[in-house]
Structure formats: structure tokens, C-alpha cells
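**Student:** Residues 7 to 859 in the numbering used here are what the sequence shown lists, from first letter to last.
Where a beta carbon is used, it is the ideal one built from N, C-alpha and C, also for glycine.
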Amino acid sequence: MKKEDLKKFYWNRWYDIKENRKKFPTSWQLLSEISKLSYETVKYALDILGFPLENIVFISIGSLAREQMSPFSDIDVLLLHEKDLNKIEQSKIYELTTLLWDINLNPAIQIKSIQDITNTTNLDTIEKTALIDYRYLEGNKNLFKSYEQIVNSYIIEKGKTNFLLEHINVAIKRGEKFRDSIYKLEPNLKEGLGGIRDFNFICWINRILFGGSSLTTLVKKGIISVQDFDNLMKGIEFIFRVRNELHYYFNRKSDILTLEAQKAIASELGYITTSTSLNVEHFLRNFYQHARDISLITKKVINKGLQEVIYNKTERKSTVRKLGYGLIQYNNYLTAENKDIFVNNNELLIKVFEISAIKSLKLSDRLIELIRDNLYLINETFLKRYGKVFVKTISRFPYSYKIVKNMFFTGVLEKIIPEFKEINCRVQYDLYHHYTVDEHTILALKYIDDLVSVANPLNNVYLDAYRALKRKDLLALSILLHDIGKGQGFNHSVVGAKMSQVICRRLNLHPDDIDTVSNMVEQHLLMSHIAQRRDLHDLEVIEYFTNFLNNEDELHLLYLLTYADMKAVGGAVFNDWKSSLLTELYLKSKVAMEKESLISEYNNIINNKRKKLYERVTDNIIRGFIDKLDSEYVFTYKVKHIIRHLQMIKQLNPDTNVIVDYYSRNDLKCIEFNICTYDFLGLLKKLAGVFAYYGLNILGAQIFTFENNVVIDTIQVESLHEANSYLLEKGEKISKTIKDVISNKVQVEELVKKAPTTFFKKKIPKEIKKKVEFDNEISSNYTVIDVYTEDKIGLLYKILSVFEDLGINVQKAKISTDVDRVVDSFYVTDKNYNKITEQTFIDKIKLSLMEVI
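Written out as C-alpha cells, the structure reads:
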């Protein structure tokens, strides 16, 4: 074969494998075919070059030796030499590498002498690992035998304890680096938990510690069960199948299952969209299930490996203590005295998890197997007798997360709440939810644990609510059930509320407790929605919200449930701004529920503020404004802010028609701008255009109109790319632009054209449902319009342009952004300052808004 023929040989075969890949029963055959092709190509290349092999042996290592090569994997080869390389050999190595690159392959050739690998102390864990998977390729066979002897003697036999410990350390670090990668939006197929690296690690432990040439050795030695073996092989076959398709999709080497690729791979693998889930959600659910199985089996093999090389040698020094209930502490493990402990004490099937968590003991493999063997004991009678014990146990904060996690892992949770099976590894295919539904649910419990155990001044109000909460057991149960309806498809809050009633009755709870949990599940989104989308200074909003609660304990409960739910979404979804809004709603609702008359309390606050204003203001002109101030305005702002606003109003005149000030809101990690000017239709639109031009995200806007058509617009903005301190330095420049736009020296339309591209550059995984909703119930004075769409710079400007064209007055705006989607809420009136109730006009507004979003 000639050089020019080698490229044709490789790529003709490569494309043939690709086109016929669906004919292969499993991904193993495809991996094997690609590995064989690479193997033959290297051999042909050596033959074409007439490579001198007297002093050299070529050994395939890594994925090539394991026959695990995906379509664009590197070709891993070790060039081992006995004597120093001469000039001819060095030249031929260069020619070989060049030839393989010329035919568009990825050669990864290591060059080592026999002395290099004999001195294993000079090799790190990664280098030693690369040497233990090998296969003769071409060259000096005696040198290859020497290589085999060195690897078997110095790495696999004599160094196996250190090798195992080094690898466990690497695995731990990998787990930290790729933390939560099983459930990540874009998991790493190779390095992530439950990925290819975990499978290879199992193979290495099997070979080095247990002398197995096949993974069935692990079953024969009782390291894993037959079911574990089946799950492992099915799982890794699936992971490799996905990886192969990932390579084909990108037409290059890739191990990150990106959002961009997920849809395409789901379709390629034959997944179908159903009435309740997208095809990509079915695909990802299978992926997460397989990855989790592999990860759990890896941990089991590691534990058995540690026991083999460490614990058995230190058995005399082991800590063994009887803990009662037939349980024994063995080192840092919890195990059982006999196999009948759960038959003799059914309640222990629940209490064992509490004991394990409180004493910081791991469940031993034997104990886990015993628990699973006795799941049949959990029946209707068991639940009626021990249902309340279960609820009490899962609420043992700060141990709740560990308790429920182990219940889930052993199958106890699904046995008690079979409905949980439907949310097991269930995916929500968007950029908002970072975890599967089951992982998100259990993780939410951890945030309550952390609230109790980790001191953080920023969480003081949440902690006060926790301490005031009388029924912490109902908090834990509400968190556990808040998304249970997602297994059934749509309207998960309403569906979940009905399901929670069935579950609570099964647990033999009191009817009042059932009502509370059901109400929490149904309303678990209410508090965040109102906090982010409604005017919290409006008494009607507070009264509307508290009508959904039966008592103050339910307020504490819903506040903590909302906090845990939003925190457990992942990423930066729950920030200081949203936390402040949530807490503001909680505190105002708490006052409302404590006071007999909210109106009376409202009036007291306003009167006290007016009194403080008179005491602190000496300027007669400014004092003249105080009685004319709108009560809602006085209630909304702090006294010092009102004084600042009044000083701005005093400075306003026909020659100075706009005044701007700004300052950092460190509590909310944003910058607040106050714009004082003469009101006109479209003012807020112009301001939105300016902020869009500077690439700033508007968090909220409050608008108050005074006498003589004077208006104060208070707007909170943030930059996703710049720190507040830097943004503050640009304040004067932004202020000047605002003044120029309001004075018509600069046309805002021209600025908007120059606005930067959207902050969010990732491809949106699925189209966000765009809709416009009207609410004429929550406010007596305003119509509230909610706009749902994907986030983009300049969106607010476009929406406000519609309002200006239709003669709609915007009195307040609340902007709620969640990664890639927004809900913008506007308190509006018609041109005569009345609520908008005419259906024809409402339809026209909806149509106009839908055209721009």
C-alpha cells in the first residue's frame, strides 16, 4: 500500500462503519470495528515507512487497547525502545506522526524507554494507568514480553495497594471537579460521575485486586450482584452509544453532551415525543438512570476494594460497637447483627436511616442488601402504623437530606411513596432546571439542613421562620411532595395537590395535616410568583396572598418551602434580588396576619413617616410638598429616599427638565437610578432603551407622579458582565445619556440599534411558550399585564413601545428573569387612567405584544 492509498483505505472503511452503524446490535461492535480499523491503519503506516523495529515495539494502549474507540477518539500508542533511539529511528517517528496527521487522524504517541517504565516511582497515577491496558501492535516481541512482566510485577502485583489508593483519590477529585455531573444540563460522558472513566476504573480494580479477566469475576466473588452486573453492562453500552452519536453529530471528538446535541441524538436513537414528555426528555431520563447505576456500582466496588486491601489488614484495630436494635458500628459503617432485624422490628426499616445520619455512619453493603430484601414488609398495614414515624424521621433537620437520600437509594422511599417512581430521573428540558425532578426534590431538603447547621447572617429571616414554625414535619413532607405531580405531565401543582392527599391518607395523617400539605403543594409557586410579579407595597396584593393561608404557621411553611424550592433549582436562579422580594412579601404578610386591621397598620406607618419627614426637613419649599405626597408613595419609600426625591423635585425647572441620581444597592447587588422629570407618554420606554444600549438588565421599575406632572422613576439595574463598582463608575455617562434622550438631543431608537447582543448566547433547548395574560382581580386601580417570553436585550423597550402606541400608561413594572426566560409584569391604565376592561381593547393589546415578543 502507498501513502496516498492509506487515507482512502481508512476513510472509506470509516464512512462505511458510520453508514451501517444501526446494523450493529450494540455499541461494542462499533467500538471494536473502529479500534480494528485504527489498529490496521497504524500497522500499514509502519509497513509503508519501512519502520526499523529491531530496537522498538509498538504497543496499543488506552481506548485502542480496550477496543473502546469512538469515531474520533485519539489513537493511543506507546513506542517502547530498549536502547537509545538513533537518528534513523527518530526520523521515522517524525514521518509516522506526520503521515497519520496527513490522513486526518489524531495520533497520541508516547515514547518511553524500558528504563522509564521500570522505575515506577517516577510515574504518576495517570501514567501508570495508561500502561495497564495494552496490546501488542508491532515490533520486538521480546521487548513486549519485558513490558508485560514489568507492568504485571511492579504495577499490578507489588504496587496494587498504592495504585488503588491513588486511583480512589483521583476518583474523588474527579467527582469534585465534575460535581453533580450525573444530573447536569450538559454532562461529561467520559469524566463525569457514572461515565466511561468510572467503568474503566471498575475494570482496573477487577483485574488488579481480584485477578479477573472478565467482570463476571466481581459477581463470582460477591463484589457485585448479578443485577448490578446487568445494570453496569447495559449502562455502559448505552453511554458508549450516546458518545458515538455525539462524535458523529459534531464531526469531531467530544465528551460533553451539549444542549445543542441532545435533541439530535434523541431522534437518532429513536426516542419519540409523547403527550407528557418530549423525546429528548425520555432520552435524558434513560441517560441519567444508566449513569446513576454506573456511579453507584463504582462506589460499591471501591468500598469492597478498600475492604480487601486495607480493612482486612487492620481488622484488629477496627472499631466495633453494638448500638442496640440489632445494629453494629464497624469502623465508619453501620451493619446488622443478624438477617432478621427488620422482621423482628419493622419500624427499624425507617429508623435505621436516622441512626445512620445522626451518627455519620455509612450503610454497609450487607445492610443495604438486607433493607432491599425486606422491602416486602412495607405494606398498607406498615404505613398506617409507621406513617407518622416516617414523616417525623424525614424532618430530622439537619439530617433530612442524608436520611431521604439513603431511603431513595435503598428503595424504601419508593416503597412508601410509589408515586416517586414517576419522577425518578425525570428531566425538565430547559435551561432553568439544573437537576432531574427527584434530585431537585431531595436537594431542596439539604437547603433547610444547611439553614439550620450553617451560620449565615443573610439567612437570618429564614432561620427565624424555621424557629417559629411549629410543624417542621409538614415542611419536610411538603418539600418531598411539592413536585410529585410532575410525573403526570401538566398542571403539576394541582395534580400534585390531589396526589399528596392520597399519599398523606396512606401515611395515616390527621385530616388537618393532609389539608395543609395539599395546600402547600398546590400553592408552592404562588409566593415566588407574587413576590417577583406583583407590587408588594399594595395592600390588596398582601391581602390576596394571605387569603391562601389558614394561619401564620402556613406562612412560615410556604416561605421556607419556596426558599428551598428556588435554591434547589440550581445555578444562579435564586439571587439576592429574588430573596429580598420573597422576604419582603413574607414580612409584610406576617404583619398582616398578626394585626387585626391591615388598613389601620398601613395608616399608622404613613402617619409616622410624614411626622419624621416634618422633623427632618427644614426647607420650607420641600416641607410644602409633604402633605401633597400620595399615601402609597409614602408607604413605599424610606424617609431618607423621600427627602432625596423631594430635593430633586425642588431643583426641577423648565431649564433643568431632568435630574438623575444613582447609587449602589449593595443589599441587592445592583445599581438604582432615580430619574426626576416632567411626565410624558413613553418615558419609561426611553429609559429602557438607554439601559438596553448599555447592556443592562432591568430588575424593577417604580413610577410615581406628583403635582404639576412631575414624575420620579426609580429603576434597579444590573450588569451580568461587570461588577457593581465598575458599573458605578459609568453612572455619570449613563446619566448624561438619559438626559440627552429625554431632552431629545439623542434619539433612543438609534441607541437601541447599537445595543449589544443578548446576554444569553447558548442555544435555547426548547421554545419557550410565549403568552400575554391580563389580571384585573388583584388591584382595584390597575390592570396587571404579564408577558412571558425568552430573555433578550431590548425586550422591555419593544413592549413599552407597544404601550406608547396604544396610549397605555405604565404605572409600575416588575421584571422577573430566570436564565433564558422572563415574566415582565406591568401595572397599567388606559389613557384616561382607568383599568382596561374592554375585551376588544384587551385582544388588541395581546395581539400587538405577541408580535414583538
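1. Going by DSSP, what residue range makes up the alpha helix (DSSP H) through phenylalanine 388?
2. Keeping to the same chain, check which residues put their C-beta closer than 7 Å to that of phenylalanine 184; ignore five residues upstream and five downstream.
3. Just reading off the beta strand (DSSP E) that leucine 86 is part of, what are its end residues?
4. When you compare each of Ile262, Asn385, Lys618 and Val816 to glycine 688 by their alpha carbons, which one comes out closest?
5. For a test of the three-state rule: what should DSSP assign to aspartate 236, helix, strand or coil?
6. I'd like the list of long-range same chain contacts for isoleucine 361, defined as Cβ closer than 8 Å, with 5 residues on each side in sequence excluded.
7. According to DSSP, is asparagine 148 part of a helix, a strand, or is it coil?
8. Does DSSP put lysine 818 in a helix, in a strand, or in coil?
9. Please report the straight-line C-alpha distance between asparagine 212 and methionine 572, rounded to a whole angstrom.
10. DSSP three-state label for valine 575, please.
11. Less than 8 Å between the CB atoms is what I'm expecting for threonine 399 and isoleucine 356, so what's the real figure, rounded?
12. The beta strand (DSSP E) spanning phenylalanine 780 covers which residue range?
13. Could you check the C-alpha separation between glutamate 375 and aspartate 11 for me, to the nearest Å?
14. Whose C-beta lies closer than 7 Å to the C-beta of isoleucine 262 among residues of the same chain, with five residues either side of it excluded?
15. Tell me which residues share the same chain as valine 752 and place their Cβ nearer than 6 Å to its Cβ, disregarding the 5 neighbours each side in the sequence.
16. Give the secondary structure of glutamine 434 by DSSP, where H, G and I count as helix, E and B as strand, and everything else as coil.
17. Could you tell me which residues DSSP pairs with glycine 311 in its beta bridges?
18. Can you give me the start and stop residues for the beta strand (DSSP E) that glutamine 657 sits inside?
19. Quick one: grab the DSSP three-state call for glutamate 73.
20. Are alanine 698 and alanine 819 touching if we call contact CB-CB under 7 Å?
21. Report yes if the C-beta distance between asparagine 250 and leucine 36 is below 7 Å; otherwise report no.
22. Determine, using beta carbons only, whether serine 401 and leucine 451 come nearer to each other than 7 Å.
23. Report yes if the CB atom of leucine 143 is closer than 7 Å to the CB atom of serine 66, and no otherwise.
24. Kindly indicate which three-state DSSP category aspartate 667 falls into: helix, strand or coil?
25. Alpha carbon to alpha carbon, what distance is there between valine 778 and lysine 492?
26. Does DSSP put valine 723 in a helix, in a strand, or in coil?
27. Here's a check: name, in chain order, each residue in its chain whose Cβ is nearer than 6 Å to the Cβ of leucine 555, leaving out the five neighbours to either side.
28. Would you mind reading off the limits of the alpha helix (DSSP H) that contains leucine 36?
29. Answer with buried or exposed for glutamine 657, where buried requires no fewer than 16 other C-beta atoms within 10 angstroms of its C-beta.
30. Restricting to Cα atoms, I'd like to know which of Arg629, Leu812 and Tyr839 is closest to leucine 853.
31. Mapping the DSSP letters down to three states, classify leucine 853 as helix, strand or coil.
32. Using 7 Å as the threshold, is the C-beta distance between alanine 297 and valine 286 below it?
33. Roughly how many angstroms lie between the CA atoms of asparagine 18 and glutamate 445, to the nearest whole one?
34. Do you know offhand how far valine 793's Cα is from valine 723's?
35. If distances are taken between C-alpha atoms only, which option among Lys584, Asn581 and Glu600 comes closest to threonine 552?
36. Report buried or exposed for lysine 768, applying the criterion of at least 16 other Cβ atoms within 10 angstroms of its Cβ.
**Tutor:** Considering the structure as presented:
1. 386 to 400
2. Confidence at phenylalanine 184 is low in this model, with a pLDDT of 48, below 50, so the placement of that residue should be treated as unreliable; the coordinate-derived value is given next. Cβ neighbours of phenylalanine 184 beyond the five flanking positions: Asn194, Glu197, Gly198 and Leu199.
3. 81 to 87
4. Val816
5. helix
6. Leu329, Tyr331, Leu333, Leu340 and Leu367
7. helix
8. strand
9. 42 Å
10. coil
11. 5 Å
12. 777 to 781
13. 58 Å
14. Glu192 and Asn194
15. Asp746
16. coil
17. DSSP lists no partner for glycine 311.
18. It is not in any beta strand (DSSP E) - glutamine 657 instead sits in the alpha helix (DSSP H) that spans 645 to 657.
19. coil
20. no
21. Yes, Cβ-Cβ distance for asparagine 250 and leucine 36 is below 7 Å.
22. no
23. In this structure, leucine 143 places its C-beta atom within 7 Å of the C-beta atom of serine 66.
24. strand
25. 24 Å
26. For valine 723, the three-state secondary structure derived from DSSP is strand.
27. Cβ within range, chain order: Leu561.
28. Run containing leucine 36: 33 to 55, per the alpha helix (DSSP H) assignment.
29. exposed
30. Leu812
31. helix
32. no
33. 45 Å
34. 19 Å
35. Glu600
36. Any reading at lysine 768 is ruled out, since the residue's pLDDT is 47, under 50, leaving its predicted position unreliable.
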